[in-house]
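**Q** Under the UniProt record's numbering, read the sequence shown as residues 1 to 1211, first letter to last. For each residue, glycine too, the CB sits at the ideal point set by N, CA and C. All values derive from a computational prediction rather than experimental measurement. Mind having a look at this structure? Questions to follow.
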Amino acid sequence: MANNPRQDLYLEISRNLVDEELRDLRNYVSGANILSAGFVQKADAHQIFNQLEKERKVKPGDLALLADLLRKIGRHDYAEQAEKIAESEGKESRCKPIVRAKRPREEGTPQPSTSQLKRKGEDGEEFPMKKPGSCREEGLPVGGIWKYFYSIKEKVSSDWKDLAFHLGFKQPDIDNIDGRNRDDKSRCMDLLEEWLKRNGERATIEVLMEALSEANLQSVVDGLRKNFPEVPVPVGAAVTESDVFQKSVKKYYDLKLSHFKPLIWNDNFTLTLNDIFTQLELVPKHEKHLKTSQTYNRSESMRGEQRKELKSLDDLFNPDVTGLSTAPRCILIEGEAGGGKTTFLSKEALDAVSQKTELGRRHDIVLLIRLREVREGEAIEEMVWDQCVPETADIEAQTIRAILKRNESRVLFLLDGYDELRPEARAVGQAIPKLLSGKLYPNSTIVITSRPSAGVQQYTRPDCHIHIMGFSEKHVEKYIRQYFTVVGKQELTKALAEHVQDNEILNNVIQTPIFLMFVCLLWEEDQEMVSTGTMTGLYNNLLTCLVRKYCKREGVDMPTEGLPTEVAESEPLLQLGKLALEALLRNETLLDFTEVKRETVNWELLLKLGVVSLEVSSSKLHPRKQLNFSHQSMQEFLAGRYVAHALVNQDIVELLQLTSISKALELSNLLQFTCGCDSRAAQSVMEELSKISSREFTHVRPEQFERSHVPMDRVMQISCKTYERFASLCLTILSERQEPEVLQGICQALPIVMLDRSINCREATALKYYIQNLHSANLPDRLILKIGEGTDSRDTVQYLQQCFTTSLPGLKLDLKLSAKLTSPVQLNSPDVTSRLVLVLKNVPGLIMRALDLSHLTPSSLQPLVQGFSHMSLLEELDLSVNRDLGDAGMEVLQGGLSSVPHLAVLRLTFVGMTAVSMSSLAPYMRHLVGLRELDISWNEIGDTGLESLSAILPIFTAMQVLVLQSIGISPTGMRTLVPALCQLTRLIKLGISKNDIGDPGLECLAGILPYLTAMKVLVLNKTGISDREILSLIKALPHLVQLQVLDVSRNNIGDSGIVSLVQTLCQPSSLDMEQNPPGDKSLTTAPHCNNTLQVLNIGANRGVTGAGLGRVAQLISTLPTLTRLDMSGYRDTRAPAHLPDTAAMALAEALRIPRLPALERLVLWEISMKPAGFQAVVQAAEEHTTLEALWYSRLGVPEGADTTASCLLLW
């Protein structure tokens, strides 16, 4: 070792601790207040150790604290090194130990302990005599605490394991002591000597008496005090009922939760929860719970959910992460069945009682309650007595109730499986609903798990809403390494980890530890069995593997292919499948053992096969045995296997209760396995799905899946989403069984076929088979193909070439090739685009093509444009966000426009276009008389380019959408544009935002708005308009009788202008005939009140104050169709706009039903309120039945205000 062994050890430890060990070290050091938490959470191990030395908490010759910390994180190797270094640094005057020479230990046998060597003397063999005083034998004192050991081992006897636990021994240490001794008394003596050897001077009689008391060995404590009067009274003798209760709970969890045997055929394969559980990914289900460190686009945030991985539940107690000013009371963790929720909560319970986590450090009492064991009428204290303490604990339910009441703020309820709570126990007035709603123990913390949409929100609005995703990629690899290390086949780790990365089917099934272990088992048995291409094939192979293990154990001959007859055709497997199906239809995953035996199922065979395991319920009040499937997907596979067999004689509707699309989606995995198991079953399933589809999707049209420029009806949004999920299910079924009969069923069930995923997915494989087998008689109404993310491993163009191998003249194809900026489809090579054109020649009915974010260049665009001659029916072209195109690219494009006369949509956003290319392109657009949409936003076109565009705009009489955002329009450009706009009478959307048109430009525009009566969307944000000309817009508004979206945010409008605007929208008025242009009587007079406006953005106007916003709050409640409202203050570095209490109360009143009955989102950035007003607004928003989000600035929150409302999003 180097000159400073201590520092060398610090450095070695720091280099070799894994992330989990470092995190545990930090938690121990900060949780015990050994060092400040602020320092510890940022420091590495080396820095922590040096700080301990600096504060004299460890010093030369005394590394006891360091050794203790290292043992707590499981690094006994380093703890022993620390003790050796401390001993060598200590005094050199110690007596040398007198020991017999040890015989070499035989390989595979437990190593004898000090007590074993001693007990040889008790059996008549010679053993070394001890000398009195402070001399040590193998580091053990001869006098002192040693004299109590013989009395203790005589009385503790069979309870020695309980004592071991409270002395800090881990299970492997206990197993080693157990294996190397012949009886319990010997084991107890071995334990005491090992404890003394490990702890040295810290092994005091006080510590030992405390451990005996904690282990409920009071008779031993009393006996010691009687025989040895000098023995001190243990702390445990004066413990409170709460202390006894907490220790009983901790002991119960350690015994019940920490160990299990996952392999039925290997009794020696025992795992701890830490062995099989690494760290699950936790993803917030709503962006309200996380701050983003990236530049935030507020408008984009409204449309999409931002997600971020959490390291652990500890993050939810960090205000910088959650944005909550107080710790959350209720945390909802959702995940699909089999997603690891129960395992996760078990580990949270173990970690919390050991105070390894923030949850544990904040709570003294941790109660894990399996909700499926709860019965109607049970009180909370009865549930706790039933599930959280051992039967031997002398604690009654009434005592528990008193303890919980006294310690209410320090109680943590871990409620597992709300979806499994019996309906009668969910009713109003039952204990769990009262607990969730805060009627019971309102100051306690709750973590509750559930499947999605199980109804938790009926009784509570969770402060944090988390979705459990399963293993991340790094955790999968770590677990694979763990498994093959245990079985001694580390060489298999790398190959399987690489295989899993590229296999979608495996990625779907390895999200839980147990099933990942099965995949490892399958890989260990035969690597070919893992690569089947179908889910059903994978599960069939897994069943085969389990049967092979059974045959080998039982001496049954195993055929070369398939399963033995007695197993493959065995009644038990089919009976189990029937029971699995019935449980699925009841939404259950466990089988009651009594019911299984009643059905005379050969359950012993099923246990031996390993497809189910036998477990005892966690309830003492309602004890029962139950069969548990290794994973819900195994239950679905066995049920599907049974259904495929039963469909020979039974009707599928009767068998599966398959009467709706929602039921089909609920049973999607079961349907996939059923179809994968048998061709006839697949035909039956698809025939029934076709019937249901024809009933439920009669209103669905292809255009509803295109980009919508006006707010879509919520019912239609839900219907479209449901159809997309149904289409995905159908393609997944086809991927399981690629047969003509199934294909025919797909054609009948899906009038619109769509794929919006990577080409590496199962659905993409099925779609390729579908397209390759299309012919004129079975073409869909529309084929929507969107390819973008996840295409790195395969060539997108090659995939399209494989799909469209022959000409399909009647096919209407919507093709979109785009992705996020981080993973674009690369079309920057002429060779690639030339190959793409060859594909598209086979689809002359191409009606849409989006190539945004595809890295197009002028040279790679050339082959595409040349290919337009084969795409005469092309209706939509989107080349947006290909900034490298520039003027040269526009010059290439103009040459091909004459070949696509039916073009109706042209999007050229952010393509590097200037005034030069706009002027050059405009003449080539003249023949596009059917153009309905044009978007040239975010280009440097300016007034000059706009003049060229304005000259041809009147040609486009069908124009409905014109978006000219941020192209450099000035008031001069508006005077050129407006006369052309006046002739576009079908215009439903006009976007001129981020152009400095000012008041003169607005005046020009407002003058023609009365002629654009079809207008539904008018976007004028950040255009420099003010109060001076806002009145001209206000006068025109009554003519826009179909207006749904109005955006005048981020301008210079003041209080009077905004109030007048809102007043006009909210109150009935008459159109004065004087508003008509001279001689024009076409504008009718009629009372007007806007019943169509859905989105109103008036926020961030420079001149608006809190008083003006208060007046808006009083007016706004008369807009019955409003879904989104932005009335933010202006971002002023001095202070946000202050909303007085009167104005805040008016806003709160406007949020009360039946006012604003359709409101979904309210934005109040850059606004401050006093506590009373703030709480009134938040409470009204929380109680609103349709409001999903109230956006508010963090800096505007009053000090001490409650920010736990689920609808409140702070930024």
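Where does Gly417 land, buried or exposed, given buried means 16+ other C-beta within 10 angstroms?
**A** The residue given as residue 417 occupies position 417 in the sequence shown. Buried is the call here.
**Q** By alpha-carbon positions, which one of Gly973, Ile941 and Asp1027 ends up nearest to Gly912?
**A** Numbered from 1 along the sequence shown, position 912 holds the residue referred to as residue 912. Of Gly973, Ile941 and Asp1027, the residue nearest in Cα terms is Ile941.
**Q** If you compare alpha carbons, which of Asn842, Leu538 and Thr534 is closest to Leu521?
**A** Translated into positions along the sequence shown, residue 521 becomes position 521. Of Asn842, Leu538 and Thr534, the residue nearest in Cα terms is Leu538.
**Q** What are the boundary residues of the beta strand (DSSP E) that Thr493 is part of?
**A** Here residue 493 is taken as the residue at index 493 of the sequence shown, counted from 1. No beta strand (DSSP E) holds Thr493; the alpha helix (DSSP H) holding it covers Thr493 to Gln501.
**Q** Just mark Ala749 as buried or exposed, buried being the case when its beta carbon has 16 or more other beta carbons within 10 Å.
**A** Within the sequence shown, the letter at position 749 stands for residue 749. Ala749 should be labelled buried.
**Q** Short of 8 Å in beta carbon distance, which residues of its chain neighbour Asp159, apart from the five on each side in sequence? Order them along the chain.
**A** Start at 1 with the first residue of the sequence shown, and residue 159 comes out as number 159. Closer than 8 Å at the Cβ level, and outside the excluded window around Asp159, lie Ala215 and Leu217.
**Q** Ala1172 to Arg1050, Cα distance in whole Å?
**A** Position 1172 of the sequence shown, counting from 1, holds the residue named residue 1172. Position 1050 of the sequence shown, counting from 1, holds the residue named residue 1050. Using only the alpha carbons, I get a separation of about 28 Å.
**Q** Can you look up Phe149 in the DSSP assignment and give me helix, strand or coil?
**A** Along the sequence shown, read from residue 1 onward, the residue named residue 149 stands at position 149. It is helical.
**Q** Taking only the alpha-carbon atoms, compute the straight-line gap between Val612 and Lys691 and give it to the nearest angstrom.
**A** Indexing the sequence shown from 1 puts residue 612 at position 612. Indexing the sequence shown from 1 puts residue 691 at position 691. Each residue's Cα considered, the two are about 36 Å apart.
**Q** Under the three-state reduction of DSSP, which class applies to Thr914: helix, strand or coil?
**A** Taking the sequence shown and counting its residues from 1, the one referred to as residue 914 is at position 914. The answer is strand: DSSP assigns Thr914 an E or B state.
**Q** Of the choices Phe697, Leu962, Gly1129 and Leu412, whose alpha-carbon is the least far from that of Ile331?
**A** Numbered from its first residue, the sequence shown carries residue 331 at position 331. Residue Leu412 is the option with its Cα nearest to Ile331.
**Q** Three or more beta-carbon pairs under 8 Å between the region 1045–1062 and the region 1017–1036, yes or no?
**A** Touching, yes, given that three or more Cβ pairs across the two stretches are closer than 8 Å.
**Q** By Cβ distance below 7 Å, which residues in the same chain neighbour residue 1227 in space, the five residues on each side in sequence not counted?
**A** Any question about residue 1227 goes unanswered here, given that the chain covers just 1 to 1211.
**Q** So, are the CB atoms of Leu614 and Leu605 less than 8 Å apart?
**A** Residue 614 sits at position 614 when you count from the first residue of the sequence shown. Residue 605 sits at position 605 when you count from the first residue of the sequence shown. Contact: no.
**Q** What did DSSP end up calling Arg105 once you bin it into helix, strand or coil?
**A** Your numbering for residue 105 matches position 105 in the sequence shown. Legend: pLDDT at Arg105 = 36, less than 50; position of this residue unreliable, no value from coordinates given.
**Q** Beta-carbon within less than 8 Å of Thr357's beta-carbon, same chain only, minus the 5 sequence neighbours each way: which residues are those?
**A** Residue mapping note: residue 357 aligns to position 357 of the sequence shown, counting from 1. Cβ neighbours of Thr357 beyond the five flanking positions: Asn27, Ser312, Leu313, Asp314, Glu348 and Asp351.
**Q** Compute the Euclidean distance between the alpha carbons of Arg453 and Glu241, then round it to the nearest angstrom.
**A** Translated into positions along the sequence shown, residue 453 becomes position 453. Translated into positions along the sequence shown, residue 241 becomes position 241. Checking the sequence shown, residue 453 turns out to be Ser, not Arg. Approximately 40 Å between the Cα atoms of the pair.
**Q** Looking only at C-alpha atoms, which of Leu345, Val832 and Arg372 sits nearest to residue 1214?
**A** The structure shown does not extend to residue 1214, since the chain is modelled only from 1 to 1211, so the question has no answer here.
**Q** Unbroken alpha helix (DSSP H) runs of length 4 or more, entirely within the region 520–554: which are they?
**A** Segments of the alpha helix (DSSP H) lying fully in the region 520–554: 535–554.
**Q** Should the region 224–233 be called in touch with the region 377–393, which here means at least 3 C-beta pairs below 8 Å?
**A** No contact exists between the region 224–233 and the region 377–393.
**Q** Counting only the same chain and skipping the five closest in sequence on each side, list residues whose C-beta sits under 8 Å from that of Pro104.
**A** Taking the first residue of the sequence shown as 1, we reach residue 104 at position 104. With a pLDDT of 34 at Pro104, under the threshold of 50, the modelled position of this residue cannot be trusted; read the value that follows with caution. So the list is empty, once near-sequence residues are dropped.
**Q** On the premise that Pro1000 lies in contact with Pro971, defined as a C-beta separation below 8 Å, what is that separation, rounded to the nearest angstrom?
**A** Taking the first residue of the sequence shown as 1, we reach residue 971 at position 971. Taking the first residue of the sequence shown as 1, we reach residue 1000 at position 1000. Right, their Cβ atoms sit about 4 Å apart.
**Q** Express the C-alpha separation of Trp1165 and Val1062 in angstroms, rounding to a whole number.
**A** Counting from 1 along the sequence shown, the entry for residue 1062 is found at position 1062. Counting from 1 along the sequence shown, the entry for residue 1165 is found at position 1165. Approximately 19 Å between the Cα atoms of the pair.
**Q** So which of Leu192, Gln430, Asn443 and Gln41 has the shortest CA-CA distance to Asn407?
**A** In the sequence shown, the residue the question calls residue 407 occupies position 407. Taking only the C-alpha atoms, the option nearest Asn407 is Asn443.
**Q** Taking 8 Å as the CB-CB limit, is Lys251 close to chain D?
**A** Reference to chain D is not applicable here, since this structure consists of a single protein chain.
**Q** Around the C-beta of Asp831, are 16 or more other C-beta atoms found within 10 angstroms, so that it is buried, or is it exposed?
**A** By 1-based counting over the sequence shown, the position of residue 831 is 831. Exposed, since its Cβ has fewer than 16 Cβ neighbours within 10 Å.
**Q** Output needed for Leu212: all residues of its chain with C-beta closer than 6 Å, excluding positions within five of it in sequence on either side, in chain order.
**A** The count along the sequence shown starts at 1 and reaches residue 212 at position 212. Hits under 6 Å: Val220 and Val221.
**Q** Which residues bound the alpha helix (DSSP H) around Gly942?
**A** Residue numbering aside, residue 942 sits at position 942 when the sequence shown is read from its first letter. Unbroken alpha helix (DSSP H) run through Gly942: Gly942 to Ile952.
**Q** So Gln802 is in the alpha helix (DSSP H); what residue range does that whole segment cover?
**A** Counted from its first residue, the sequence shown places residue 802 at position 802. Run containing Gln802: Thr796 to Cys803, per the alpha helix (DSSP H) assignment.
**Q** For a test of the three-state rule: what should DSSP assign to Arg375, helix, strand or coil?
**A** Counted from its first residue, the sequence shown places residue 375 at position 375. Looking at Arg375 - three-state DSSP - the assignment turns out to be coil, as it is neither helix nor strand.
**Q** Three-state secondary structure (DSSP) at Met1169?
**A** Counted from its first residue, the sequence shown places residue 1169 at position 1169. Met1169 falls in the strand class under three-state DSSP.
**Q** Do Val892 and Val865 have their CB atoms nearer than 8 Å?
**A** Residue mapping note: residue 892 aligns to position 892 of the sequence shown, counting from 1. Residue mapping note: residue 865 aligns to position 865 of the sequence shown, counting from 1. Against a cut-off of 8 Å, the Cβ pair of Val865 and Val892 comes out as a contact.
**Q** Counting Cβ pairs, one atom from each stretch, are 3 or more of them under 8 Å apart for the region 909–926 and the region 942–951?
**A** Segments in contact, yes.
**Q** Alpha carbon to alpha carbon, how far is Lys147 from Glu137? Give it in angstroms, no decimals.
**A** On the sequence shown, residue 137 is found 137 positions in, with the first residue counted as 1. On the sequence shown, residue 147 is found 147 positions in, with the first residue counted as 1. With a pLDDT of 35 at Glu137, under the threshold of 50, the modelled position of this residue cannot be trusted, and the question is left open.
**Q** What residues match up with Glu251 in a beta bridge as DSSP calls it?
**A** Here residue 251 is taken as the residue at index 251 of the sequence shown, counted from 1. Checking the sequence, you will find Lys at residue 251 rather than Glu. Answer is none; Lys251 lacks a bridge partner.
**Q** Whole beta strand (DSSP E) runs in the region 979–1020 with 3 or more residues, listed along the chain?
**A** Listed in chain order, they are 989–991 and 1017–1019.
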